[in-house]
Amino acid sequence: DLKNKELIAIAASVVADCKGCFRGHVLKAVRAGATREEVGEAIAIAIAISGAAIVDRTDVANEEFDLVRKLWENGGKRDDEDAEETTP
Numbered sequence: 009d010l011k012n013k014e015l016i017a018i019a020a021s022v023v024a025d026c027k028g029c030f031r032g033h034v035l036k037a038v039r040a041g042a043t044r045e046e047v048g049e050a051i052a053i054a055i056a057i058s059g060a061a062i063v064d065r066t067d068v069a070n071e072e073f074d075l076v077r078k079l080w081e082n083g084g085k086r087d088d089e090d091a092e093e094t095t096p
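For the sequence shown, this note's numbering gives the first residue as 9, with consecutive numbering after it.
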């Protein structure tokens, strides 16, 4: 139904950081019968999902940093490379 679609759109707007979208979808959701609590729940879910995505990206960044650190410690060579230079 329209109310649930607009609640989903509210959550998507929060994740996308689209203020204009957010305002428009909140207005449409309220007109479709959404309560303050339902809008708040949609926002809370979006924030929780966004936070989890940040944690995931932090893990990836830490893994990449470890690879770069190993390269630096090995004089720019990967563990699987010989002493001779290789073409990537």
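A virtual CB, placed ideally from N, CA and C, is assigned to each residue, including glycine.
Within 10 angstroms of the beta-carbon of Phe73 lie fewer than 16 other beta-carbons, which makes it exposed.
The residues Ala19, Val22 and Val23, in chain order, have a CB closer than 6 Å to that of Ala54 in the same chain once the five nearest residues on each side in sequence are set aside.
Nearest to Phe30 by alpha-carbon distance, out of Leu79, Val76, Asn70 and Val47, is Val47. In this chain, the alpha helix (DSSP H) harbouring Lys13 covers Leu10 to Ala24.
Here DSSP, grouped into helix, strand and coil, assigns Lys27 to helix. Judged by beta-carbon spacing, Ala42 lies beyond the 9 Å limit of Glu71, meaning their Cβ atoms are not closer than that value. Between Ala56 and His33 a beta carbon distance of about 18 Å is seen, past the 8 Å cut, so the two are scored as non-contacting.
Here Leu10 really is in contact with Ala40; their C-beta atoms are around 4 Å apart, less than 8 Å.
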